[in-house]
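Protein chains in written order, with our numbering: chain W, 173 to 454; chain Z, 87 to 868.
We put the CB at the ideal spot given by N, CA and C, even for glycine.
As the structure is a computational prediction, the values presented were derived from the model and not from experiment.
Following: one structure in structure tokens, then a few remarks.
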């Protein structure tokens with residue numbers, strides 16, 4: 173296996189282009205575990221940890237650009253991730269356990285597209301946009317357009333994620349991430365990420381995303397619409413939750429049956445909304 | 087037991103060391119990472135071993151072709167059953183080959199072994215081994231395996247069914263007519279899972295063979311140097327005089343390392359390769375190739391009068407021992423023996439089967455059959471209390487066995503302290519106030535539950551040698567293995583207390599079958615209890631020798647002498663008159679008498695079941711059995727939305743006889759509680775079509791630091807009694823035994839949901855809650 177430690181994005185792209193079976197090494201939390209388990213055997217690893225650009229955080233009027241090599245620990249500790257952006261900070265704060273949060277990165281989570289973990293869910297809820305660098309160009313795309321299937325993204329061979337933009341969202345919008353798992357450090361059985369804005373006791377805007385219940389983070393426009401304009405009463409939540417549960421494609425595994433996951437979606441949606449609401453009133 | 091019916095007065099320790107929470111000698115090196123475990127060892131020319139697991143749960147082996155693996159550069163040995171002596175091993179039934187011979191009986195069973203210059207080469211070689219199989223019908227459920235048409239897993243041995251590894255029946259009183267006298271009868275079926283030990287250190291062995299003598303030296307992670315020596319010698323057909331076993335630091339065991347693990351096959355690889363071989367399992371291989379706790383299904387019926395007298399109980403237990411008996415029949419013995427619980431129930435009928443299935447073998451695991459039966463018994467007793475409207479602790483107190491009463495089978499309860507444990511648990515947990523259901527967090531329901539707990543300590547043989555060094559310090563040799571539980575410090579404190587020495591004046595040696603006196607195993611709640619006893623016996627002989635010399639030196643009769651802290655023999659009532667151990671050693675070594683040394687031995691007596699009292703089939707005697715008691719209380723919150731159970735606070739009250747090292751004892755209790763919490767709520771090996779679904783730390787979930795209550799109150803009662811050192815009683819297993827029923831009783835108190843199957847996952851609890859809401863209490867079962 174070949175190994176490279178480029179110092180610029182351009183050099184990384186060039187290294188990636190030299191080998192058919194090259195992979196980016198970000199934090200390594202999943203990649204190295206998969207290699208150790210013999211699940212993958214890349215011909216070349218391109219480590220991204222010497223590229224300063226990938227670890228920078230830039231605040232703009234509209235939001236925050238987070239470098240792809242920001243660790244979950246860094247994201248969880250950044251107090252600027254307020255309002256709508258808090259969904260991502262909360263997801264990063266309780267994901268797995270400290271040893272993994274110290275290693276794993278935002279860009280790595282996007283590239284891995286693991287349907288059982290939470291960063292992708294929170295990024296979709298937060299309407300994140302992702303900058304992708306490829307040979308000769310960079311593009312910015314909505315994060316959900318990257319997630320095409322379980323562990324599959326629309327990234328092309330030779331491309332890499334450079335940074336992620338989190339929009340500040342509407343005034344008064346709050347983001348919230350709720351995870352439910354067998355034990356604290358497990359992958360969630362179900363997670364719910366949402367961004368909510370209230371007008372008094374009415375929902376002005378909401379974006380709900382469900383994790384661990386399908387090949388990609390589950391976002392259903394009709395479910396959001398069912399909640400907008402309501403007082404988020406039990407019946408509204410139940411119906412919106414029902415729309416999400418019907419659209420979900422969960423699997424049976426050791427973390428819970430598909431049926432249990434479907435049952436949990438409306439239940440946890442209600443809890444996530446009321447917790448977010450409490451925050452919106454603060 | 088009758089043979090220690092004359093316990094005599096419990097001696098008092100000399101000095102202050104016994105009873106102090108001194109740190110474990112290995113604590114610092116473990117915290118800093120300096121501790122040397124088997125996998126840290128390396129020797130010149132060392133090869134790496136790996137095992138190939140069976141792809142089928144049940145299949146005939148038609149042929150092997152290992153030529154491609156042997157041809158791979160770097161491969162030094164490839165073994166199959168054809169290369170090994172035909173010696174099957176097994177503690178109870180010799181049913182198990184080192185590598186599958188003739189057929190495979192579970193998916194993952196080792197069928198071939200490789201030694202190579204590095205681990206990747208060894209693993210590549212495994213992929214190059216071609217084995218042709220003929221798949222056979224398989225059976226995965228213990229009750230199904232006893233059907234007449236079930237596929238046979240082993241050659242018939244004359245048992246009622248070829249798949250029955252053992253069968254036990256114990257009957258006392260007249261159960262059939264007794265039911266008519268009961269005002270309430272509760273009947274349920276309880277199911278408990280195959281829990282995995284998840285010791286932090288996977289099984290590991292380094293085997294070396296002396297090219298001239300052929301002597302095999304094993305460095306290995308085990309609970310027993312001497313059983314490993316015996317099993318390895320037996321399996322390979324070599325005399326024990328040509329096998330030496332040493333034990334580096336051990337990263338936990340919990341019963342998973344009481345029999346052989348990978349020692350015999352690693353030795354076989356070293357013999358075949360003519361080079362040292364180290365074999366350390368990956369976590370996944372460890373889970374799928376070693377052993378688990380027995381999954382059990384327990385049909386139980388208990389009847390009581392309205393005023394709280396439990397009159398009758400019927401129990402049918404099926405222990406799933408997997409493809410090999412291992413310790414299964416012994417586990418079934420304990421499960422049956424505890425089926426009446428620590429209660430005086432006059433009419434009892436217990437039937438127990440230990441059954442082969444095409445799954446991973448089940449064997450010893452902290453509690454050894456007792457957590458399974460305690461789960462059923464303690465949940466059912468709680469339901470009896472509910473049915474007659476009595477406080478659960480009150481019902482238990484009314485039926486608790488007291489000192490002098492008889493256990494199922496007739497053994498006497500010599501130190502019946504269950505009442506003291508229950509009363510203390512009621513007090514420290516503020517039981518009555520919490521039973522009023524204080525308000526829970528929004529969306530949560532809160533409840534508190536109890537379990538009365540009993541276990542046994544003491545089993546089989548131990549020996550110790552104690553000798554005086556020239557400077558008056560003392561060397562203690564035993565074969566005891568400290569698996570992390572803290573026996574090294576506790577046993578050193580026992581010697582210190584027996585001779586009045588400081589720990590600096592004591593050299594406590596580590597196990598080595600070439601030099602250590604025999605010890606059976608660090609299992610069965612016996613190490614401090616039994617090895618501690620032989621240490622005190624040997625120390626007593628050393629004291630006698632010391633006094634003979636001191637009598638001559640001080641010119642006083644022996645009866646006027648006493649031990650004084652710090653290594654002195656003095657004259658009672660004369661503070662100025664004393665002689666140091668060093669001076670005595672000098673006299674003994676150079677002037678008169680010879681070296682001061684003593685050895686002691688002990689075999690814990692087995693109890694013959696009283697056949698005038700009990701109708702007995704399949705269990706003529708019990709090998710272990712000094713009864714110890716505890717009471718465990720858990721307070722939980724159940725999430726109404728998800729069914730998830732959080733344990734908020736716990737109290738574990740134990741009669742430890744005497745706390746030799748209170749902090750280490752509390753650690754044992756808290757560790758037992760956490761492992762019991764995992765058993766209650768999250769831990770379960772899952773199979774699909776005979777294949778393990780979750781043989782990883784990601785799939786199989788043990789509780790982490792955020793999943794256990796901040797406060798697990800270990801409350802130690804000290805009622806010194808019995809054959810242990812200074813009246814100490816065993817504590818190693820009992821802390822796990824009652825946790826699952828205490829938690830499940832708390833879940834029922836919180837919600838009304840009757841949890842009959844553990845782990846009580848969120849999904850199972852939620853279904854029980856929903857059923858209760860839809861159909862009333864009758865349909866509230868999980």
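Between the C-alpha atoms of residue i and residue j, what's the straight-line distance to the nearest angstrom?
i, j, result
"residue 480 (chain Z)", "residue 275 (chain W)", "53 Å"
"residue 98 (chain Z)", "residue 676 (chain Z)", "33 Å"
"residue 413 (chain Z)", "residue 450 (chain Z)", "6 Å"
"residue 728 (chain Z)", "residue 390 (chain Z)", "35 Å"
"residue 784 (chain Z)", "residue 300 (chain Z)", "43 Å"
"residue 781 (chain Z)", "residue 685 (chain Z)", "45 Å"
"residue 328 (chain W)", "residue 187 (chain W)", "15 Å"
"residue 221 (chain W)", "residue 538 (chain Z)", "56 Å"
"residue 342 (chain Z)", "residue 224 (chain W)", "48 Å"
"residue 418 (chain Z)", "residue 280 (chain Z)", "14 Å"
"residue 641 (chain Z)", "residue 656 (chain Z)", "11 Å"
"residue 206 (chain W)", "residue 214 (chain W)", "10 Å"
"residue 583 (chain Z)", "residue 507 (chain Z)", "27 Å"
Let me check one thing: in DSSP terms, what residues is residue i bridge-paired to?
i, result
"residue 219 (chain Z)", "Z:147"
"residue 311 (chain W)", "W:304"
"residue 799 (chain Z)", "Z:737"
"residue 231 (chain W)", "W:236"
"residue 382 (chain W)", "W:364 and W:390"
"residue 439 (chain Z)", "Z:253 and Z:404"
"residue 724 (chain Z)", "Z:531 and Z:731"
"residue 592 (chain Z)", "Z:560"
"residue 875 (chain Z)", "No answer is possible for residue 875 (chain Z): the residues shown for chain Z start at 87 and end at 868."
"residue 547 (chain Z)", "Z:689"
"residue 773 (chain Z)", "Z:778"
Secondary structure at residue i, three-state DSSP: helix, strand or coil?
i, result
"residue 756 (chain Z)", "helix"
"residue 376 (chain Z)", "coil"
"residue 173 (chain W)", "coil"
"residue 169 (chain Z)", "helix"
"residue 326 (chain Z)", "helix"
"residue 461 (chain Z)", "helix"
"residue 654 (chain Z)", "strand"
"residue 861 (chain Z)", "helix"
"residue 266 (chain W)", "helix"
"residue 498 (chain Z)", "strand"
Exposed or buried, which one is residue i when buried takes at least 16 other CB atoms within 10 Å?
i, result
"residue 276 (chain Z)", "buried"
"residue 793 (chain Z)", "buried"
"residue 208 (chain W)", "exposed"
"residue 706 (chain Z)", "exposed"
"residue 435 (chain Z)", "buried"
"residue 396 (chain W)", "buried"
"residue 632 (chain Z)", "buried"
"residue 173 (chain W)", "exposed"
"residue 442 (chain Z)", "buried"
"residue 806 (chain Z)", "buried"
"residue 76 (chain Z)", "Given that chain Z is displayed from residue 87 to residue 868, the structure contains no residue 76 (chain Z) and the question cannot be resolved."
"residue 202 (chain W)", "buried"
contact_flag[the segment 413 to 432 of chain Z, the segment 488 to 495 of chain Z] where n(CB pairs < 8 Å) is 3 or more: The answer is yes - the segment 488 to 495 of chain Z touches the segment 413 to 432 of chain Z, with three or more Cβ pairs under 8 Å.
Against chain C: residues of the segment 168 to 189 of chain Z by CB proximity under 8 Å: No chain C appears in the structure shown, which is made up of the protein chains W and Z.
Contact between the segment 571 to 585 of chain Z and the segment 103 to 113 of chain Z (3+ Cβ pairs under 8 Å): yes
Three CB pairs or more closer than 8 Å across the segment 593 to 609 of chain Z and the segment 117 to 124 of chain Z: no
contact_flag[the segment 402 to 416 of chain Z, the segment 285 to 295 of chain Z] where n(CB pairs < 8 Å) is 3 or more: no
Any 3 or more C-beta pairs closer than 8 Å across the segment 793 to 807 of chain Z and the segment 743 to 753 of chain Z: Counting Cβ pairs under 8 Å, three or more are found: they touch.
At least three beta-carbon pairs within less than 8 Å, the segment 509 to 522 of chain Z to the segment 586 to 596 of chain Z: no
Given 8 Å, three or more beta-carbon pairs between the segment 198 to 206 of chain Z and the segment 349 to 368 of chain Z: yes
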